[in-house]
């Protein structure tokens with residue numbers, strides 16, 4: 005068995021879990037995500053983006069990162085010189 009620490013959100017403490025030797029990141033994510041759906045999310049193992057085929061090792065730290073909210077779009081800047089060059093009035 006391997007012991008891993010799982011962090012599901014920035015303000016929650018980590019939780020220690022045990023998995024069988026050879027358990028992959030993909031197997032962990034499928035099982036864990038069904039119990040704790042967090043979306044959209046990125047999964048890091050020891051601070052790195054893993055392959056789903058990577059095996060978990062004793063002492064690994066698994067962190068879920070929620071995708072940040074998109075910033076609101078800013079209106080495009082008006083190029084006043086373009087309007088004058090084309091003969092349009094710019095207010």
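Residue numbers (the working numbering): 5 to 95.
Glycine is no exception: its CB is placed at the ideal position from the N, C-alpha and C atoms.
All figures in this text were calculated on a predicted structure; none of them were measured in a lab.
Residue i versus residue j - alpha carbon distance
{"i": "residue 26", "j": "residue 34", "result": "15 Å"}
{"i": "residue 56", "j": "residue 81", "result": "43 Å"}
{"i": "residue 59", "j": "residue 79", "result": "46 Å"}
{"i": "residue 54", "j": "residue 45", "result": "13 Å"}
{"i": "residue 42", "j": "residue 13", "result": "10 Å"}
N- and C-terminal bounds of the alpha helix (DSSP H) containing residue i
{"i": "residue 57", "result": "No alpha helix (DSSP H) contains residue 57, which DSSP labels as neither H nor E."}
{"i": "residue 15", "result": "No alpha helix (DSSP H) contains residue 15, which DSSP labels as neither H nor E."}
Residue j beta carbon less than 8 Å from that of residue i
{"i": "residue 67", "j": "residue 32", "result": "no"}
{"i": "residue 65", "j": "residue 15", "result": "no"}
{"i": "residue 5", "j": "residue 17", "result": "no"}
{"i": "residue 7", "j": "residue 63", "result": "yes"}
Any non-hydrogen atom of the ligand GTP within 7 Å of residue i CB
{"i": "residue 67", "result": "For the structure depicted, the ligand GTP is absent and the ligand set is empty, with no information on it obtainable."}
Residue i - partner residues in DSSP beta bridges
{"i": "residue 37", "result": "Per DSSP, none; premise fails for residue 37."}
{"i": "residue 64", "result": "Beta-bridge pairing links residue 64 to no other residue."}
{"i": "residue 1", "result": "Summary: the structure shown does not reach residue 1, with the chain confined to residues 5 through 95, and so no result is reported for it."}
{"i": "residue 49", "result": "52 and 66"}
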